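Asks: This note's numbering numbers the first residue of the sequence shown as 1 and each following residue consecutively.
All residues carry an ideal CB built from backbone N, CA and C; glycine is no exception.
This structure is a prediction, so every number in the text was calculated from the model and none was measured.
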Amino acid sequence: MNILDRIRETAKREPEKKAFVFEDEFITYGQLWYRSGVLAKWIEKSSIGPKLPIPVYGHKNSFMLVCFLACVRSGHAYVPMDTNMPEKRIRDILETVNSPVAFFTELPSFETGDIDIIDREKICTILKCAISYGLTDPDSKYENKKDDIHYMIFTSGSTGKPKGVQITTRNLENYLDWAETLVENKSGIFMNQAPFSFDLSVMDTYTGLATGSTVVCLNRKMTENLEKTVDYLKKNKVNYWVSTPSFAELCLGNEKFNGENLPEIKKFLFCGETLTRQLALKLISRFPYTDIINTYGPTETTVCITAVKITEEIINEEEMLPVGYVKAGSGMYAIDKEGGRLSAGERGELVITGNTLSLGYFKNEEQTKKHFYMDTAGNRAYKTGDLGYVNEDGCVYVSGRADDQIKLHGYRIELGDIEKNLAGLKDVDEAAVITEKKDGKINSLAAFILQKPEIDTSYNRRKAIRRELGNRLPAYMVPKKVILLNEFPMTLNGKLDRKKLESML
Ligand code: AMP
1 MNILDRIRET
11 AKREPEKKAF
21 VFEDEFITYG
31 QLWYRSGVLA
41 KWIEKSSIGP
51 KLPIPVYGHK
61 NSFMLVCFLA
71 CVRSGHAYVP
81 MDTNMPEKRI
91 RDILETVNSP
101 VAFFTELPSF
111 ETGDIDIIDR
121 EKICTILKCA
131 ISYGLTDPDS
141 KYENKKDDIH
151 YMIFTSGSTG
161 KPKGVQITTR
171 NLENYLDWAE
181 TLVENKSGIF
191 MNQAPFSFDL
201 SVMDTYTGLA
211 TGSTVVCLNR
221 KMTENLEKTV
231 DYLKKNKVNY
241 WVSTPSFAEL
251 CLGNEKFNGE
261 NLPEIKKFLF
271 CGETLTRQLA
281 LKLISRFPYT
291 DIINTYGPTE
301 TTVCITAVKI
311 TEEIINEEEM
321 LPVGYVKAGS
331 GMYAIDKEGG
341 RLSAGERGEL
351 VITGNTLSLG
361 YFKNEEQTKK
371 HFYMDTAGNR
381 AYKTGDLGYV
391 NEDGCVYVSG
401 RADDQIKLHG
411 YRIELGDIEK
421 NLAGLKDVDE
431 AAVITEKKDG
441 KINSLAAFIL
451 QKPEIDTSYN
461 RRKAIRRELG
471 NRLPAYMVPK
481 KVILLNEFPM
491 TLNGKLDRKK
501 LESML
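This is the structure:
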């Protein structure tokens, strides 16, 4: 597949077709192609170094998509940054990427330093100039090559700094060749709920664009009101639901979230975290005619690489729901602690090979070498850190993690990332973050802070720690509880006793 050709074809064939809907606004395929073409020409003429990635900041608005495609069409990767990222994260990303310009489709509440900010006003001026010069088809050819980085998504890193996962256009297209079969290559109406900085959004956004579909975006404010959310999905006749299981769980809190009220939903496409049997059962009883598809994959292997339809039979037979069968062009197997390949059914760390593997982390050789390697069969491989197994039939099961990476309400978090950022705060000697579970699922985080006895332990101090951490990390990474200690419990081996900390909650 050639994704840019696909979008151009739809823009030529059905220019008036809605590509993206944002509450009461929308952008058509014709507008998306034209505007991104004008902006791509502007990028080509400006003095941004060749192939440098360009950050694009904002939440759910049409300028984001125009900027993404403009970057790609001019041969640059784009780096989506959502408004839920705090100043420190944004600064870390801008510093790592080191692009002289960035698109800010919404203005942040902080100074961005030396970087040249291209805001909405400037984008509109560029578009107006193009119109006044009669540039009707800024078209057609583009600079993007298959092995160029298409997008770069920053994920939580255990060192306290986010890691930029580089995905090429070829990776994306290899993924899309398979992803469109999940929706039987049919156009329809996709729901986009995940922010563009979370690669789950690639599933709805690009499968939507590849199939000439309409993508209906839910913004954060709307999802705070479930009634409004359900009405919006109904009004827009959404067919393909794409989210983490957590978001569907949340929606079950509204009684109008059912198949009778939302008969147009054909499929639930889940990814990003464990789909529990309980949730699958609840969904089947509310939506008896809607397919539930469980998919799995890390950002490093382009959205997801396995899928399976979850039926009542599977739910009744399996203790743990499978994540499915590996797509053509990819491979998966488990390894033991020494790196030896395990047989079917044996549990170990899951490894992924194949044509959607990222080139590695941007300017981060150390982390790239740690996770990507050549396996004994001579294939480039990615160590996922997930524990699980592949059964005799090739069906994959994921049962936990080999490290401190967790998923909280669908968000990928390295506990070490929070700990390093806490340890950087004033008067904090050391920090340990642990998870609290409800019904077997991680439900919240708690931070234990080691500080000197003379330092204040009042409520205000705990509140200040949470506030300061919130300036460095997204809100979902700020632990709900902060517990201040003058001494950390240790095991007999002299290691931090995390079990003891858990028992103190
Ligand atoms: P992300 O890179 O944010 O997509 O997170 C990838 C991680 O999410 C994987 O390595 C798994 O730990 C977890 N994950 C993704 N999909 C599933 C799934 N269907 N079941 C269980 N865990 C999942």
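Exposed or buried, Thr125, counting other C-beta atoms within 10 Å across all chains shown (16 or more means buried)?
Replies: Burial call: exposed.
Asks: Let me confirm a value: Cys129 is counted as buried when at least 16 other C-beta atoms fall within 10 Å, else exposed. Which label applies?
Replies: Burial call: exposed.
Asks: Within the continuous beta strand (DSSP E) that includes Ile115, where are the two ends?
Replies: No beta strand (DSSP E) contains Ile115, which DSSP labels as neither H nor E.
Asks: Roughly how many whole angstroms lie between the Cα atoms of Phe362 and Asn471?
Replies: Approximately 24 Å between the Cα atoms of the pair.
Asks: Do Cys271 and the ligand AMP come close, with the Cβ less than 8 Å from some heavy atom?
Replies: Cys271 Cβ: within cutoff of the ligand AMP.
Asks: Rounded to whole angstroms, what's the CA-CA distance from Tyr133 to Gly37? Just pull it up for me.
Replies: Near 14 Å, if we compare the C-alpha coordinates of Gly37 and Tyr133.
Asks: Within its chain, find whatever has a CB closer than 7 Å to the CB of Arg277; leave out the 5 residues flanking it on each side and keep chain order.
Replies: Result list for Arg277: Ile315, Leu321, in chain order.
Asks: Can you grab the Cα-Cα spacing for the pair Ile118 / Ser343, in whole Å?
Replies: When rounded, the distance between both Cα atoms is 53 Å.
Asks: Residues in its own chain within less than 6 Å of Met477 by CB, not counting five upstream and five downstream?
Replies: Closer than 6 Å at the Cβ level, and outside the excluded window around Met477, lie Ile413, Ile418.
Asks: Among Pro474, Val238, Phe190, which residue has its Cα nearest to the Cα of Gly160?
Replies: Of the candidates Pro474, Val238, Phe190, the one whose C-alpha sits nearest the C-alpha of Gly160 is Pro474.
Asks: For Gly30, list the residues DSSP reports as bridge partners.
Replies: DSSP, once it has assigned bridges, lists no residue as partnering Gly30.
Asks: Pull up the distance between the alpha-carbon of Leu52 and that of Ala77, whole angstroms please.
Replies: In a straight line, the C-alpha of Leu52 is about 7 Å away from that of Ala77.
Asks: Could you name the residues of the same chain whose beta carbon sits closer than 7 Å to that of Ser201, not counting the 5 residues immediately before and after it, in chain order?
Replies: Excluding positions up to five away in sequence, the list reads Asn192, Ala194, Pro195.
Asks: Need the endpoints of the alpha helix (DSSP H) that Gln367 sits in, please.
Replies: 365 to 371 is the span of the alpha helix (DSSP H), which, as asked, contains Gln367.
Asks: Does DSSP put Glu121 in a helix, a strand or coil?
Replies: Glu121 falls in the helix class under three-state DSSP.
Asks: Under a three-way DSSP split, which group does Asn379 fall into?
Replies: Coil.
Asks: Which one of Phe257, Arg220, Pro55 has the shortest CA to CA distance from Lys234?
Replies: Of the candidates Phe257, Arg220, Pro55, the one whose C-alpha sits nearest the C-alpha of Lys234 is Phe257.
Asks: Using the three-state DSSP reduction, which class does Val396 fall into: helix, strand or coil?
Replies: DSSP places Val396 in strand when its eight states are reduced to three.
Asks: Figure out for me which residue from Cys271, Ile292, Asp456, Gly212 has the closest Cα to the Cα of Lys12.
Replies: The shortest C-alpha separation from Lys12 is found at Gly212.
Asks: Give the DSSP-derived three-state secondary structure of Met374 in the structure shown.
Replies: Note: Met374 maps to strand in three-state DSSP.
Asks: What residues in its chain sit with their C-beta under 8 Å from that of Arg286, if we drop five residues either side in the sequence?
Replies: So the list reads Leu252, Phe257, Asn258, Gly259, once near-sequence residues are dropped.
Asks: Closest to Glu430 by C-alpha separation, out of Lys383, Glu436, Asn486, would be which residue?
Replies: Looking at the Cα atoms, Asn486 is the closest of the given residues.
Asks: So, under 8 Å CB-CB, Asp386 and Thr299 are touching, yes? Tell me the CB distance rounded to an integer number of Å.
Replies: Not confirmed; about 13 Å, so no contact.
Asks: Starting from the N-terminal side, write out each stretch of the beta strand (DSSP E) that is 3 residues or longer and does not extend beyond the region 270 to 335.
Replies: DSSP runs (the beta strand (DSSP E)) wholly in the region 270 to 335: 291 to 296, 306 to 309, 324 to 326, 330 to 335.
Asks: Could you tell me the distance, in whole angstroms, from the CA atom of Asp204 to the CA atom of Arg73?
Replies: Rounded to the nearest angstrom, the two C-alpha atoms are 20 Å apart.
Asks: What are the start and end residues of the alpha helix (DSSP H) that includes Ala179?
Replies: That run of the alpha helix (DSSP H) goes 169 to 182.
Asks: Kindly confirm or deny that the region 144 to 163 and the region 19 to 36 touch, where touching means at least three C-beta pairs closer than 8 Å.
Replies: Too few Cβ pairs lie closer than 8 Å, so no.
Asks: Just to confirm, does Gly385 get its C-beta within under 8 Å of one of the non-hydrogen atoms of the ligand AMP?
Replies: Answer for Gly385: yes, Cβ within range of the ligand AMP.
Asks: Would you tell me roughly how many angstroms separate the C-alpha atoms of Ile43 and Cys71, rounded to the nearest one?
Replies: Approximately 7 Å between the Cα atoms of the pair.
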